[in-house]
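Encoded as structure tokens, the structure appears first; notes follow it.
Chains as they are written, first to last, in full-length UniProt numbering: chain A, 1 to 162; chain B, 1 to 189.
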């Protein structure tokens, strides 16, 4: 009974994320690739995305903090982030990256700083939502307590995915 | 008598770990054997090319008219992938011999398009006696292992990507014997 409710929550929550534009069709593609032989596929890919993004956002912060900003390097990082967010269906992060690249082309450092802030915000938003989603979808990787909390709505930050 | 099925092998090259994981899953779901590497030079290594000093210079990667080299390259069909839709770049690759272009993120429907290219490569194999021998020696199945390479094009030059970019844009030097593979190379950007 509890599992059914959690699964319904999962579907509703996923639909909400699609409606609000946080996720796009590519996320559905990921779900299609998940099956009995690869039951944690979405979780694994999303985890990789989190690691990758945090590294890139950190690199971007450092790059924009330099005296002489290397716009080519920044563009390269943003391109990577755009690619990975696109690959998992994190639509809003992807779109923010697209805008970021345009600003980067203008070699506008202040504009880039604003874009970085925006990307960080969008990333944190989608991260929170995906973590909540995955707690429900992959119960065997999370404690029952966490599942209940997730179903109840309060969403603590997940520090490790092991 | 047991029916033998062709084992199609795809070599996927992409510098993004996420994309490698994705493409691997896509291909395995479609029953391909998959190897993933993160650079063009590693792809060449896998195919039997060994890097030497000259490999780091431009000359080593200039396409040669060498018969052996071009026949080897022709044996492995190449499909390119990119997250960017740049017609001039895409056309250049297609002119250089790539079979097809996929826009990333790649989907199952794209992977389904690989089959006809594989079959075409395989049938080319059967026509040529040298390759048939190789097929007979193949230990995995009675039929030849067709191989596909999926390779990533870098749109941005970094120290690491230089080799890969060169190896993708130009042909490798032919002057060493190495196992010949029939199959595909899929390049991704």
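Just so you know, even glycine gets a beta-carbon here, dropped at the ideal spot from N, CA and C.
Just so you know, these numbers come straight off a predicted model, no measurement behind them.
How about residue i: is its C-beta nearer than 8 Å to some C-beta of chain B?
i: residue 88 of chain A; result: yes
i: residue 111 of chain A; result: no
i: residue 28 of chain A; result: no
i: residue 32 of chain A; result: yes
i: residue 91 of chain A; result: no
i: residue 80 of chain A; result: yes
i: residue 38 of chain A; result: yes
Check whether chain A comes within 8 Å of residue i, counting only Cβ atoms and requiring the distance to be less than that.
i: residue 105 of chain B; result: yes
i: residue 27 of chain B; result: no
i: residue 16 of chain B; result: yes
i: residue 108 of chain B; result: yes
i: residue 21 of chain B; result: yes
i: residue 88 of chain B; result: no
i: residue 30 of chain B; result: no
i: residue 39 of chain B; result: no
i: residue 123 of chain B; result: no
Please return the same chain residues whose Cβ sits closer than 7 Å to the Cβ of residue i, not counting the five positions on each side in sequence.
i: residue 94 of chain A; result: 82, 85, 86
i: residue 14 of chain A; result: 133
i: residue 28 of chain B; result: 34
i: residue 104 of chain A; result: 71, 74, 75, 78, 112
i: residue 18 of chain A; result: none
If we count the other Cβ atoms within 10 Å of its Cβ and call it buried at 16 or more, is residue i buried or exposed?
i: residue 76 of chain B; result: buried
i: residue 81 of chain B; result: buried
i: residue 67 of chain A; result: exposed
i: residue 40 of chain B; result: buried
i: residue 128 of chain B; result: Low per-residue confidence applies at residue 128 of chain B: pLDDT is 37, beneath 50, and the placement is therefore not dependable, though the value from the model is reported in the following sentence. Exposed, because fewer than 16 other Cβ atoms sit within 10 Å of the Cβ of residue 128 of chain B.
i: residue 127 of chain A; result: buried
i: residue 118 of chain B; result: buried
i: residue 23 of chain B; result: buried
i: residue 123 of chain B; result: exposed
If you drop the 5 nearest sequence neighbours on each side, which residues of the same chain put their C-beta closer than 6 Å to that of residue i?
i: residue 27 of chain A; result: 89
i: residue 60 of chain A; result: 77, 116
i: residue 41 of chain A; result: 33, 34
i: residue 194 of chain B; result: Outside the modelled stretch of chain B, which goes from 1 to 189, sits residue 194 of chain B, for which no answer is possible.
On a Cα-Cα basis, can you pick out the residue from the options that is closest to residue i?
i: residue 97 of chain A; options: A:80, A:133, A:110, A:106; result: A:80
i: residue 105 of chain B; options: A:91, A:105, A:110; result: A:91
i: residue 101 of chain A; options: A:128, A:121, A:71; result: A:71
i: residue 44 of chain B; options: B:22, B:11, B:18, B:27; result: B:11
i: residue 100 of chain B; options: B:38, B:30, B:78, B:112; result: B:78
i: residue 38 of chain A; options: B:15, B:84, B:21; result: B:21
i: residue 106 of chain A; options: A:135, A:129, A:75; result: A:75
i: residue 29 of chain A; options: B:95, B:108, B:97; result: B:108
i: residue 114 of chain B; options: B:18, B:26, B:15; result: B:26
i: residue 123 of chain A; options: A:64, A:9, A:47; result: A:47
i: residue 19 of chain B; options: A:17, A:45, A:113; result: A:45
i: residue 31 of chain A; options: A:21, A:43, A:22; result: A:43
Quick one: what's got a C-beta closer than 8 Å to residue i's C-beta in the same chain, skipping five residues either side?
i: residue 12 of chain A; result: none
Consider the Cβ of residue i: report whether some Cβ of chain E lies at a distance smaller than 8 Å.
i: residue 21 of chain A; result: Within the model displayed, chain E is absent; protein chains A and B are what it includes.
* Between the segment 40-55 of chain A and chain B, which residues of the former have a C-beta closer than 9 Å to a C-beta of the latter? -> For the segment 40-55 of chain A, the set of positions with a beta-carbon nearer than 9 Å to some beta-carbon of chain B reads 41, 44, 45, 48, 49, 51, 52 in chain order.
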